[in-house]
Structures are given as C-alpha cells and as structure tokens.
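Protein chains in written order, with full-length UniProt numbering: chain U, 1 to 447; chain Z, 1 to 447. A virtual CB, placed ideally from N, CA and C, is assigned to each residue, including glycine.
2 protein chains.
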Amino acid sequence: MQTPNNVAIVGSGLVGSLLAMYLLKRGHKVDIYDRREDIRNIKFSGRSINLAVSERGWHALDAIGIGDEVRKIAIPLYRRAIHTLEQPMYFQPYGKEGEAIYSISRGALNKLMIDLAEEAGANFLFDQKVWDVDLPEATLYTGGSDKSDRKANKYDVVFGADGAFSRVRHKMQRRSLFNYSQEFLETGYKELTIPANEDGTHKLDKNSFHIWPRGRFMLIAMPNTDGSFTCTLFLPYHGEVSFDTLNTEESIKAFFETYFPTVIEVIPDLIKDFTEHPTSALLTIKCYPWTYWDKVALIGDAAHAIVPFYGQGMNAGFEDITVLNELMEAHSDNWEAVFKAYETSRKPNADAIAELSYRNFMEMSTKTADASFILRKKIEAKFYTEHPDKWVPLYSRVTFSRKPYAEALDQGDKQRLIMDEVMKMPNIEQLWDSEEVMNKIERLIAE
Amino acid sequence: MQTPNNVAIVGSGLVGSLLAMYLLKRGHKVDIYDRREDIRNIKFSGRSINLAVSERGWHALDAIGIGDEVRKIAIPLYRRAIHTLEQPMYFQPYGKEGEAIYSISRGALNKLMIDLAEEAGANFLFDQKVWDVDLPEATLYTGGSDKSDRKANKYDVVFGADGAFSRVRHKMQRRSLFNYSQEFLETGYKELTIPANEDGTHKLDKNSFHIWPRGRFMLIAMPNTDGSFTCTLFLPYHGEVSFDTLNTEESIKAFFETYFPTVIEVIPDLIKDFTEHPTSALLTIKCYPWTYWDKVALIGDAAHAIVPFYGQGMNAGFEDITVLNELMEAHSDNWEAVFKAYETSRKPNADAIAELSYRNFMEMSTKTADASFILRKKIEAKFYTEHPDKWVPLYSRVTFSRKPYAEALDQGDKQRLIMDEVMKMPNIEQLWDSEEVMNKIERLIAE
Chain U
1 MQTPNNVAIV GSGLVGSLLA MYLLKRGHKV DIYDRREDIR NIKFSGRSIN
51 LAVSERGWHA LDAIGIGDEV RKIAIPLYRR AIHTLEQPMY FQPYGKEGEA
101 IYSISRGALN KLMIDLAEEA GANFLFDQKV WDVDLPEATL YTGGSDKSDR
151 KANKYDVVFG ADGAFSRVRH KMQRRSLFNY SQEFLETGYK ELTIPANEDG
201 THKLDKNSFH IWPRGRFMLI AMPNTDGSFT CTLFLPYHGE VSFDTLNTEE
251 SIKAFFETYF PTVIEVIPDL IKDFTEHPTS ALLTIKCYPW TYWDKVALIG
301 DAAHAIVPFY GQGMNAGFED ITVLNELMEA HSDNWEAVFK AYETSRKPNA
351 DAIAELSYRN FMEMSTKTAD ASFILRKKIE AKFYTEHPDK WVPLYSRVTF
401 SRKPYAEALD QGDKQRLIMD EVMKMPNIEQ LWDSEEVMNK IERLIAE
Chain Z
1 MQTPNNVAIV GSGLVGSLLA MYLLKRGHKV DIYDRREDIR NIKFSGRSIN
51 LAVSERGWHA LDAIGIGDEV RKIAIPLYRR AIHTLEQPMY FQPYGKEGEA
101 IYSISRGALN KLMIDLAEEA GANFLFDQKV WDVDLPEATL YTGGSDKSDR
151 KANKYDVVFG ADGAFSRVRH KMQRRSLFNY SQEFLETGYK ELTIPANEDG
201 THKLDKNSFH IWPRGRFMLI AMPNTDGSFT CTLFLPYHGE VSFDTLNTEE
251 SIKAFFETYF PTVIEVIPDL IKDFTEHPTS ALLTIKCYPW TYWDKVALIG
301 DAAHAIVPFY GQGMNAGFED ITVLNELMEA HSDNWEAVFK AYETSRKPNA
351 DAIAELSYRN FMEMSTKTAD ASFILRKKIE AKFYTEHPDK WVPLYSRVTF
401 SRKPYAEALD QGDKQRLIMD EVMKMPNIEQ LWDSEEVMNK IERLIAE
C-alpha cells in the first residue's frame, strides 16, 4: 500500500462512482463532487437510453465485487428482435448460446452505484458546482457564482469523470497543444416508454433488444425490471421525415401510424412522451492529452464521449478504470507514471470504439433489415461456429471479449474485405452454407 | 445596389481588411474592431512566417483593384532552392516558365491593407476588445473587463475575421450541434532573420524559396524587399533533436553547426533571435456551421485555420471573400441565402486545403531531398509539358489555378496512385523520360 492520497473525483455518474470504489480499495481518501443534486432523491430525467452492460463492464464490476449486486437489476438480451414493416418480427442472436448483453436503466444503476460507493467510504458532495480548476495545484474552486464566495479545495489528485461536457476538460482545453474535437450527428433522439402490463409483465419479449429499423431513422426498446421498456427514437433533425416536421399532434400521430403502426398500441402516452421529453443530441468527443502532470486525469465520457450505437459508452468508461487500476498496481500509485501509461495505452482504443460506434448507426438503422446483410451475418456465424479460432465476429469481439477495441476495428476491416469477396461468389444465396464457401473464407484468411 | 447595411468585422488582419474593401464597394458601412493596437504604429512581432501570395490571393486583390499596390512589396519566387548537407544547393522550379509565388512580409502587407481599407472608407476601432457577441442580435459588447462598463454595438451583420482563436467562433461553439476540432502538430516554429548585406542586397538568391530539409525538421527562408530574409525553423517540441533540448547557448550553437553549418554565417544574431523569439504552435482548426442565421459569418482562419506548409492560409482566406462576393452579387445581399451558399460551397474546399497543407509538411521536410521524390517530380513535369491538358501537377493546381481545392485533393490522390505504378517500372531511373514511360502514364490516366 502506498501513502494514502486525497483524491477528488468530479462527477458522480457511473464512472465516477466506480472509480471511487477502486481508489478507496487502494487506501485513498475520496471526495466526489457533483453539480446536480443527489439523483437518489429525484426522478431520473426522461432523456436517457438504457445501458447495455457487456463483458468489459462486467469485468470491472466483478473485479471490485459488485457484479452480483448489479445483476439483480439487469435483464439479459440474447438477441435482436427485428420489426420491419413488411414481414413478421424475427430474431438475430447476438453471440453464441448463452451470450447476452444486459439491459439496465441508467438511473437505477447510477443510484445503486452511489449507494455502493458511499458504503465503501466515498464522501459525496452534491449540489457543488466546480467553477474553476487549478490544474498544477490539483485544486477545485467551489461555492457561489461570485468569485469572492469561492472555496479552494486542494487535493493530491483530481479525476474529471464529469461527462461529455466536462468542466475539468474545458480547463485543460485552454492550454496550447491540447487536441480537441466535438462532432454532432445530424440525428437526435427522444425517449419514449412502453409501460408494463397490468400484471407487471413485459408487453414484448423481454430478453430481446427490439429494433424497428427504418433506414434514416429507427426506434429501439430495451426492457426494465419493472416490466416497462425504455424506447429511443433516433431521427434526423432536419429533412422530410425529421424532428423538424413532427411539430403537431397530428404529424406525430401520422408518423407513428405510417412507420411504427404496431408500436402505437403499446405506448399509450405517445403524444405526451413525445412532446414533453426533450430532443437530445448525439456527439463524439475526442481529445488529447487526457492527463496533466501527476495531478489531473480525464476518464470516461470526459475523455472520449461516443455515440450509443455499439452500446459501449459505459463499458469503455469502466474499462478505463480496469486499465487505470492495473497501472496503479504496476506503478505503485506513482501518478506521473500511471497517467502517462494510461493515456498512451487507452487513447487508440477510445478512438477505435468511437469509430465503430459511429459506423454501427448505419448497421442498426439500415442493414439489420437488409437481406444481403443478414446473409453475411449467417455465413460469418457458421464459419465462426466451425472455426472459432479463425474468426471472431466484430460484434462478439467488441461485446463478448476484452480484446482491445483497436484490434477489433482492425480485424473488422479485414473481415469486411473477406466477406466482400465471399458475397461476390455466384449463387451465394443458395451456396452460403456449403463447404465451398467455408473453404474460400479459410483461404482468404490465410492470404 | 441593395439597402446599405451596417456591418461589423471583428479582426483587422489581412482577411478583415480585404473583406472591408469588398463590402464598402457594395455600398455597406463597415466598422472593423481589433483587440490589439494599430499595427501601423508598432514593430511587428517576431513570430510570423512570410506570406506566399499565389493565384487565388492575387485574384482577390486584383478584383478590388489593389493588386498592383501589393505587387510593389512582393518578391517573385520561381523555384525552391534546396540546401542539403551532402550536395551543393540545387533548384526545383515551382511551375512553368514565369510562374511564381510571391513573398511578402505579413506585417508589411497588413499595414498596407489597413491603409487601403481606411482610404476606401472603413472605420477602424483599435484597442477594442470584443468581450461578448449576441449572435441573434448581431451585437458586439465592447468596453472594460467589468460587465457594467460594456457597450452594446448593434449591427445588421457581423463577420468574425478574428483568426484561429476567434472570439466570434468561440461564442458559436457553445451552441449545440456546432462541430469543432483543433489539432496541434507536435512541431513548433521559431522566426529567425538573415539581414541584408551592407549594400542592401540579399545574402541568398532572392527569387527562390530556400529550404534546408532535414527529415523531422527543416529551415526555410523567404526574402523581404529590404534585402533581409525571414527564416522559419520548424522543429519538434520533444525528442532527441527538439526545442526541449535546445535550452542553452551551447546546444543551440551545436545544433546549427551540425545541421545548418552554412546558415550560421548569414544569421549574425542567431542566439539572440533564437532565445528572444517565442516558439509558436502550428494547428489545424475545423468547424461547422460557419454562419448564424442571416446575422453572423466566420471567414478566413476563424473558420478554417491550417498549417502553413502549402502557403495557402491567406490565399484560402482571400478566396473566401471572392466566393462571398460572387454570392452577394448572385443573391443581392440577401444574407440568409448568401451565408447558406457560402458555407456549403466553401467548407469542402477548406477541409481539402487543410488536408493538403498537413500532408505537405512531410513533402517539404523529407521528400524534397529524396532522390525518388525528385525523379517523380521530373517525370510529372515532363508529362505535364507534353500533355498539359491531361496532367496538372497537384502543386500547380493548388497554387497557379483557382480550381477548387477539393478537386485538387482528389486529382492529387489519383495522380499519386498513377505515379506509384510508374515508379515500379524496371529501370525507371534510366527510362524516366522515355516514350514508354509517357505512354504508360497516358494509359493509366485513361483507365
């Protein structure tokens, strides 16, 4: 054990709370600041997409001993349930038998994590706005909006776990040689709710990730333990079919009747949800460096906010903690060495999952309903079953393994080129599960 | 002529001053704000790289009738003069006979442009810090640092011509859906000076752009009308040979003795220049949108700051004005229509010149001294001479034409692939100017 340090974490979200538990276990003292009030006392906002915890997330939770607590509020999703306009609903399994992603309401998980961090000894300071950060002094200025009312809170180390619009990063951004980008999608999203049946059961298959792919837009639904589903409508801001044009009760109703006729039956408060819930933006944030001397480090969305289409935002943030913890162990909490190794090793993987997440919007909204895409996935799945040592599908590598994201991106690109070749074979629709096709893939891999 | 508008330009640099002349010619009233004092009254700072005015720049200057005034302080550079360590200095022509880029000191040009804009009727407000911008109201807040001392200056239209660290853009950046990136090179630069001979003549060939390429770093020199050269040393911040390691008189001297032995003779104040001049950063800034309603538009570096390695920063900014002026004419100063068309048409070209400029650092610092690169250029030049309709070299297209940058980037990529093939031909070193090679290029173009 090293000398215990006084550590401040800015942000009491999922990453901030989990990081606190890891730091406490290493003997440090931890204060967590949040500008908002304690979310355990309020109704969680209507602007969040359910979380999909997968391998990287579970690993970080289990390693600190809270995985089983979290499993109690998680529902396994073994497959996608695809709802097209033309044909009956059908399933696409996510991985091999038993492999699943786990749906959890963001609000429920965050409340649980704060409870657990508090039990572990974290000191939460809610309603505390951090107005300024002195980076070389690891000092947070809190208090009133007037400068004279501010209080200086000095620490040994400060973590910025304060999300996509991080205050701590904002301060680092003003230095020279700080690379930064924010890129918005032209698609926004809105939360809707499918309530439970009167007996508390789910209105749709509860072990599926439901998708209604419609090309430039889509609706998804993920189950909650109370029998409800959190739905998310992804839709362009502008254009013929867009949030712009859905500005009256009539237009909203007509939109759902045209594109999601079966959904209307299960969302009784459709118009109310739609008009009252905000339209939220989707963006990718990249920056570098992530750390300042041995004093300050960014983590989670503050360092790398991504779009939600691979379900990896929280998982990537939790994996930051796994990596950081390994490095604290390796470098005995020598923060300068830890921080340098942390940002160097983690940055390429953060960039890779950002790219994969961005690309997956197209896959989810368009290709899941595309015959050629479905055939590809079937061929890949068959080859994977026969040669699990030679082909791990991209989705499985990202979701059901802890192999680096950068490796997954790379492998995925190689696999796409191979499958492009395979799909050019004559009569591939008939021959898809033949020896000939499997042999061709094997040859292409060997090339 | 439309109803005259009250227009504010923030920034009295090259783009701001030229834009003022164009707006005044269209009958508008123009105030130009600058946070700094009038540069006509001060010595220009020691942190600037000489400008290279080329076709796009001259077009914008000539169209408003000031090209000839500017030519008086410009020196034509017909070629690169390459100074390697191993061999005697040699030349690479930039284009065809008579084609040149024009070296001008940034300070001298800016002073002249302010004079000319003032003569044309622009109202310059120096030492006026713009603290805040109300975008929907096109209002600039100037005055003291205290909010109560601020004065609201309302306009019909505001242009942000306030450079890479634009205050106007900073305000737009805080809106949702504003895409933004800033990316620094790991190479910085420092200005040095080769003074004139005692008789006022130049110490080096004055009609050349001088380069001392050294791989990861390089020195360049561009002539001024007073007989001096403005030199720029581009060098990494960190690493074995870097600004980090040049921290004593001895290390600076040793560095120049090792890598630039002939330069020492012509820079008498080397140590003084080196230690007194700041080390400046090189960065690329991209953002979008560039405009806000019919009220505010970014232009020049404020919209698209680029690294200096293609000599196109100012030329690109001036071309923004050319495009804007065409659109004001086409849309009769309907600002909403003008701004929408301006940002849509200009953005892909700004991105393209950013990319080309970034890539050109490698070309200048490494490849200009590389035998295979020189051979490539010779083959390209020969083919261009024989088939000027089929092959405009990338450098010529960017520098000596007004064809869109995006087209140049695209063509350049195609040409590189063709030349990659040509360079694989056996005995290309001997055969380079043969019919066989020329025919092969023709065939590859036709494919």
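Query raised in the report: Anyone know if the C-beta pair for U/Thr258 and U/Tyr189 falls short of 7 Å?
Result: no
Report task. Quick one: list the residues of chain U neighbouring Z/Phe383, beta-carbon separation under 9 Å, in chain order. Result -> Within 9 Å Cβ-Cβ: nothing; Z/Phe383 doesn't reach chain U, min ~33 Å.
Query raised in the report: For U/Ile418 and chain Z, any beta-carbon pair shorter than 7 Å?
Result: no
Report task. For U/Tyr94, name the three-state secondary structure that DSSP assigns. Result -> coil
Requested in this report: Could you please tell me which residues of the segment 252 to 264 of chain U, in chain order, have their CB closer than 8 Å to any CB of chain Z?
Outcome: Among the residues of the segment 252 to 264 of chain U, none has a Cβ less than 8 Å away from any Cβ of chain Z.
**Report entry** Three-state class that DSSP yields for U/Leu327 in the structure shown
**Finding:** helix
Query raised in the report: Among Z/Lys390, Z/Lys206, Z/Val168, Z/Phe165, which has the Cα closest to the Cα of Z/Asn439?
Result: Z/Lys390
**Report entry** Coarse secondary structure for Z/Tyr237, derived from DSSP in three states
**Finding:** Coil at Z/Tyr237, not helix or strand.
**Report entry** Own chain residues within Cβ distance below 6 Å of Z/Asp34, not counting five before or after
**Finding:** Ser12, Phe126
**Report entry** Closest Cα partner of Z/Met218 within the set Z/Thr84, Z/Lys378, Z/Pro4, Z/Lys295
**Finding:** Z/Thr84
Report task. Give the straight-line distance between the Cα atoms of Z/Ile252 and Z/Leu283, rounded to the nearest whole angstrom. Result -> 25 Å
Requested in this report: Please decide whether Z/Ala408 counts as near chain U, where near means a Cβ-Cβ distance under 7 Å.
Outcome: For Z/Ala408, not one C-beta of chain U is nearer than 7 Å to its own C-beta.
Query raised in the report: Helix or strand or just coil, what does DSSP make of Z/Glu186?
Result: strand
Query raised in the report: In whole angstroms, what is the alpha-carbon distance linking Z/Met1 and Z/Ala52?
Result: Residue placement at Z/Met1 cannot be trusted, given a pLDDT of 49 that sits under 50; what the coordinates show is reported in the next sentence. Going by the C-alpha atoms only, they are around 34 Å apart.
Requested in this report: Please report the Cβ distance between Z/Gly317 and Z/Gly300, rounded to the nearest whole angstrom; I am assuming they are in contact, meaning their Cβ atoms lie under 8 Å.
Outcome: 3 Å
Query raised in the report: Since U/Asn439 meets chain Z, which of its residues come closer than 8 Å, beta carbon to beta carbon?
Result: What U/Asn439 touches in chain Z: nothing, since even the nearest Cβ is about 33 Å away.
Report task. Could you tell me whether the segment 290 to 299 of chain Z touches the segment 330 to 345 of chain Z, where touching means 3 or more Cβ pairs closer than 8 Å? Result -> yes
Query raised in the report: Cβ atoms of U/Met113 and U/Ser17: under 7 Å apart, would you say?
Result: yes
Query raised in the report: Helix, strand or coil for U/Asn349 per DSSP?
Result: Of the three classes helix, strand and coil, the one that applies to U/Asn349 here is helix, per DSSP.
Requested in this report: Would you decide whether Z/Phe91 is buried or exposed? Buried here means 16 or more other CB atoms lie within 10 Å of its CB.
Outcome: exposed
Query - Contacting positions in the segment 176 to 196 of chain Z - beta carbon closer than 7 Å to chain U - result: Residues of the segment 176 to 196 of chain Z whose Cβ lies closer than 7 Å to any Cβ of chain U, in chain order: Ser176, Leu177, Asn179, Tyr180, Ser181, Gln182, Glu183, Phe184.
Query raised in the report: Tell me which same chain residues have a C-beta within less than 7 Å of the C-beta of Z/Ala354, skipping the five on either side of it?
Result: Thr284, Lys286, His304, Ile306
Report task. Could you list the residues in the segment 313 to 341 of chain Z with a C-beta less than 7 Å from some C-beta on chain U, going in chain order? Result -> none
Query raised in the report: Thinking just about the alpha-carbon of each residue, which of U/Met328, U/Ala406, U/Thr344 is nearest to the one in U/Gly27?
Result: U/Met328
Query - Residues that Z/Ala281 contacts on chain U, provided the C-beta gap is smaller than 8 Å - result: Ser176, Leu177
Report task. Using a threshold of 7 Å, state whether the C-beta atoms of U/Phe234 and U/Leu246 are closer than that. Result -> no
Report task. Leaving out five residues on either side along the sequence, give the residues of the same chain with a beta carbon under 7 Å from the beta carbon of U/Ser105. Result -> Taken in chain order, the residues that qualify are Asn50, Asn224, Thr230.
**Report entry** CB contact flag (Z/Val10, Z/Gly160, <7 Å)
**Finding:** yes
Query - Touching by the beta-carbon criterion (3+ pairs, under 8 Å), the segment 262 to 276 of chain U and the segment 148 to 166 of chain Z - result: no
Query raised in the report: Taking C-alpha atoms, which residue in U/Glu429, U/Ser332, U/Ile220 lies nearest to U/Pro4?
Result: Ranking the options by Cα distance to U/Pro4, first place goes to U/Ser332.
Query raised in the report: Do U/Ala74 and U/Thr322 have their C-beta atoms within less than 7 Å of each other?
Result: no
**Report entry** Which of helix, strand or coil DSSP assigns to U/Trp58
**Finding:** helix
Query raised in the report: Going by the CB atoms, is the gap between U/Gly215 and U/Thr385 shorter than 7 Å?
Result: no
Query raised in the report: From U/His238 to Z/Ala352, what does the alpha carbon distance come to, in whole angstroms?
Result: 26 Å
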